[in-house]
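K.L.:
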Amino acid sequence: MNYLSNTISISVNTRYLAEHSHPEDNRYVFAYDITIRNNGEHSAQLLSRHWIITDGNGKTQEVRGSGVVGEQPVIDADDEFSYSSGTLMTTAVGSMQGSFTMRAEDGEEFEAPIAPFGLAVPGALH
6 MNYLSNTISI SVNTRYLAEH SHPEDNRYVF AYDITIRNNG EHSAQLLSRH WIITDGNGKT
66 QEVRGSGVVG EQPVIDADDE FSYSSGTLMT TAVGSMQGSF TMRAEDGEEF EAPIAPFGLA
126 VPGALH
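Written out as structure tokens, the structure is:
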């Protein structure tokens, strides 16, 4: 991991969306709120995302795409960018992890890792 990847910190909050889920059809919808904080001394632009989504059966799905929620935000030094998105799973528990590809002010691209986080229907885990 290079120095630049240490300048970006990512926090995640998740919620189960019961009103959009249909457990009888193995359809579980989760929302996640992401905050990307630039702790560096220079701005950085989020170029793309890479997610690895794993359901409760161990089945994985990879998602790659440009930006997040239709944007490629520039995050100034000592500032943050937040967004909300969601995912559909076929099990009541699962996890996500991944990375954002960022571009520093000097043009250098680097990966900002997103640590694994859990998705679970309330009460599904003991």
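End of the sequence shown sits at 131 in our numbering; the numbers just go up one at a time, nothing left out. Just so you know, even glycine gets a beta-carbon here, dropped at the ideal spot from N, CA and C. Because the structure is a prediction, the values reported are computed rather than measured.
Given a cut-off of 7 Å, decide if residue 83 and residue 48 are closer than it, judged by their beta-carbon atoms.
P.N.:
Here residue 48 is taken as the residue at index 43 of the sequence shown, counted from 1. Here residue 83 is taken as the residue at index 78 of the sequence shown, counted from 1. No, these two residues do not count as a Cβ contact at 7 Å.
K.L.:
How long is the line joining the alpha carbons of residue 128 and residue 21, rounded to whole angstroms?
P.N.:
Numbered from 1 along the sequence shown, position 123 holds the residue referred to as residue 128. Numbered from 1 along the sequence shown, position 16 holds the residue referred to as residue 21. Spanning the two alpha carbons is a distance of roughly 11 Å.
K.L.:
Please name the residue or residues paired with residue 159 in a DSSP beta bridge.
P.N.:
Residue 159 lies beyond the stretch modelled for the chain, which goes from 6 to 131, so this question has no answer here.
K.L.:
Assign residue 44 to one of two classes, buried (16 or more other C-beta atoms within 10 Å of its C-beta) or exposed (fewer than that).
P.N.:
Within the sequence shown, the letter at position 39 stands for residue 44. Label assigned to residue 44: exposed.
K.L.:
Select from 101, 112 and 78 the residue whose C-alpha is nearest the C-alpha of residue 125.
P.N.:
Locating residue 125 in the sequence shown gives position 120, counting from the first residue. Of the candidates 101, 112 and 78, the one whose C-alpha sits nearest the C-alpha of residue 125 is 101.
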